[in-house]
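Peer 1:
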Amino acid sequence: PRRMSVPAYELMFGKLPLRNLFEDYFDNAGTISSRIMLKPLEDPHVDLVANVSAAGDKASGTEVKGDALFRWQKYLYDPHTFVDVQVSTSEPMLKLRSCAYFPEYRLGAFGTIPLLMGNRLSSEDYAVLGVRYGSENLSIGASFVPLPESAEVPYGAWLVGRKGSLCAGAQYKPLSGNKHPMPYTDPKNWNYAISYGVASTSPLSPSFNFSLELARNTQLIASFYQHLVVQRRIKNPFEDDQVVGITNYIDLGLELATG
67 PRRMSVPAYE
77 LMFGKLPLRN
87 LFEDYFDNAG
97 TISSRIMLKP
107 LEDPHVDLVA
117 NVSAAGDKAS
127 GTEVKGDALF
137 RWQKYLYDPH
147 TFVDVQVSTS
157 EPMLKLRSCA
167 YFPEYRLGAF
177 GTIPLLMGNR
187 LSSEDYAVLG
197 VRYGSENLSI
207 GASFVPLPES
217 AEVPYGAWLV
227 GRKGSLCAGA
237 QYKPLSGNKH
247 PMPYTDPKNW
257 NYAISYGVAS
267 TSPLSPSFNF
277 SLELARNTQL
287 IASFYQHLVV
297 QRRIKNPFED
307 DQVVGITNYI
317 DLGLELATG
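For what it's worth, the numbering used here labels the leading residue of the sequence shown as 67, then goes sequentially.
1. Nearest chain C C-beta to F274 closer than 7 angstroms, yes or no?
2. Among residues of its own chain, excluding the 5 on either side of L232, which ones have a beta-carbon nearer than 8 angstroms to its beta-carbon?
3. According to the Cβ coordinates, are Q292 and G311 closer than 7 angstroms?
4. Can you list, in chain order, the residues of its chain with a C-beta nearer than 7 angstroms to that of E321? Leave out the 5 residues immediately preceding and following it.
5. Under the rule that 16 or more other beta-carbon atoms within 10 Å means buried, what is Y143, buried or exposed?
6. Is the beta carbon of G132 sitting closer than 7 angstroms to the one on R172?
7. Return the bridge partner residues of N203 from the DSSP annotation.
8. For A116 versus I98, is the C-beta distance shorter than 7 angstroms?
9. Go ahead and pull the three-state DSSP assignment for E321.
10. If you follow the alpha helix (DSSP H) that M78 is in, where does it begin and where does it stop?
11. Measuring alpha carbon to alpha carbon, tell me which residue in V112, V118, G222 and L195 is nearest Y91.
12. Along the chain, where does the alpha helix (DSSP H) that runs through P83 open and close?
13. Are the beta-carbon atoms of G96 and G80 separated by less than 7 angstroms?
14. Rounded to whole angstroms, what's the CA-CA distance from Q308 to L294? Just pull it up for me.
15. Looking at the secondary structure, which residues open and close the beta strand (DSSP E) in which N302 lies?
16. Looking at the strands, I want to know which residues DSSP matches up with H293.
17. What does the alpha-carbon distance come out to for the pair I316 and V264?
18. If the criterion is Cβ atoms closer than 7 angstroms, does the pair L195 and G177 meet it?
19. Roughly how many angstroms lie between the CA atoms of L162 and Y192, to the nearest whole one?
20. Find the nearest neighbour of K254 within the set E279, N275 and K239, judged by alpha-carbon distance.
21. Please list the terminal residues of the continuous beta strand (DSSP E) segment that includes Q308.
22. Given this structure, state the Cα-to-Cα distance separating I206 from M70, to the nearest angstrom.
23. From which residue to which residue does the beta strand (DSSP E) around K229 run?
24. Answer with buried or exposed for G325, where buried requires no fewer than 16 other C-beta atoms within 10 angstroms of its C-beta.
25. Could you check whether L87 and G319 sit closer than 7 angstroms to each other, using their CB atoms as the reference points?
26. Can you check the region 91-122 for any beta strand (DSSP E) of at least 3 residues that lies completely inside it and give the ranges in chain order?
27. Can you name, in chain order, every residue of its own chain whose Cβ lies under 6 angstroms from the Cβ of L278, other than the five neighbours on each side?
28. Would you kindly work out how many angstroms separate the C-alpha atoms of V226 and L280, rounded to a whole number?
Take a look at the structure:
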């Protein structure tokens, strides 16, 4: 669902799934964490996902951290139009996010507004709005900080094109606190990438992506991500008769970067 509010540059070159693999699904040693998802049968338009983590022993502390995401989706089969609210105790925060997609025009709009936040250090901590256009072979978009005193116009932008299994793109992502009078001409505010792979729009379909990226004109990053799907027939006496198979998912990721 959050794909709509993430630049296509992050998706097409495997940056978002790698971030999920290396950060969201990584737990420090000595930590116990759990995740729960609630989706009421009475109203399938809403769901709640909560995460809770705590130290596994007294030597690691006794603090319990958690976050929760409440989401409302307008159409059952269109995850691109939704509103969600996220709350976190590890970093005291209450954030509202909304996305709308118009398939007849291939246009989308998104916005993120932190309602409560402990320390607002940058302009993006107040609000970020964006627009995007996407087709099977092209994606272009930009995000903005709707503050009169903000000089970050736009806050970010991207252009990505695909031809078969090849994909190339550029991303404008200015450094925080950049005081360059012409930020568009500063090569450190740009990222460029090329990739080869097989994309998938469903978790049930396998996919892979190999990317090369030049980040901020100083760092070369090579990454590989593969999503494997293994299905096999089973006979489980504890399941209903119509349950005749099981599906396993395996995600592999590798990233190498110069200093």
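C-beta: ideal position from N, C-alpha, C; glycine also.
Peer 2: This is what the structure holds:
1. Protein chains in the displayed structure number just one, and chain C is not present.
2. Cβ within range, chain order: I260, S261 and Y262.
3. The Cβ atoms of Q292 and G311 lie no closer than 7 angstroms to each other.
4. Counting only residues of its own chain and dropping the five nearest sequence neighbours on each side, E321 has a CB closer than 7 angstroms to the CB of L84, I287 and S289.
5. Counting the other Cβ atoms within 10 Å of the Cβ of Y143 gives fewer than 16, which makes it exposed.
6. Going by C-beta atoms, G132 is not nearer than 7 angstroms to R172.
7. DSSP, once it has assigned bridges, lists no residue as partnering N203.
8. Cβ atoms of A116 and I98: not closer than 7 angstroms.
9. It is a strand residue.
10. Secondary structure note for M78: its alpha helix (DSSP H) is the uninterrupted segment A74 to M78.
11. The residue with the shortest Cα to Cα distance from Y91 is V118.
12. Taken as a continuous stretch (DSSP letters only), the alpha helix (DSSP H) holding P83 covers K81 to R85.
13. Contact: no.
14. So the alpha carbons of these two residues sit roughly 24 angstroms apart.
15. No beta strand (DSSP E) holds N302; DSSP gives it neither H nor E.
16. Paired residues: S273 and D317.
17. Across the structure, I316 and V264 are spaced so that their CA atoms are roughly 16 angstroms apart.
18. For L195 and G177, yes; Cβs fall inside 7 angstroms.
19. So the two alpha carbons sit approximately 11 angstroms from each other.
20. Distance from the Cα of K254 is smallest, within the candidate group E279, N275 and K239, for K239.
21. Under the DSSP assignment, Q308 falls outside any beta strand (DSSP E); it carries neither an H nor an E label.
22. Taking the straight line joining both Cα atoms gives about 12 angstroms.
23. In the DSSP assignment, K229 falls within the beta strand (DSSP E) that extends over G222 to K229.
24. By the neighbour-count rule (16 or more Cβ atoms within 10 Å), G325 is not buried but exposed.
25. Closer than 7 angstroms, so yes.
26. If only complete runs of 3 or more residues are kept, the region 91-122 shows the beta strand (DSSP E) at 97-104 and 112-121, in order along the chain.
27. Counting only residues of its own chain and dropping the five nearest sequence neighbours on each side, L278 has a CB closer than 6 angstroms to the CB of I260 and A288.
28. One C-alpha to the other measures close to 15 angstroms.
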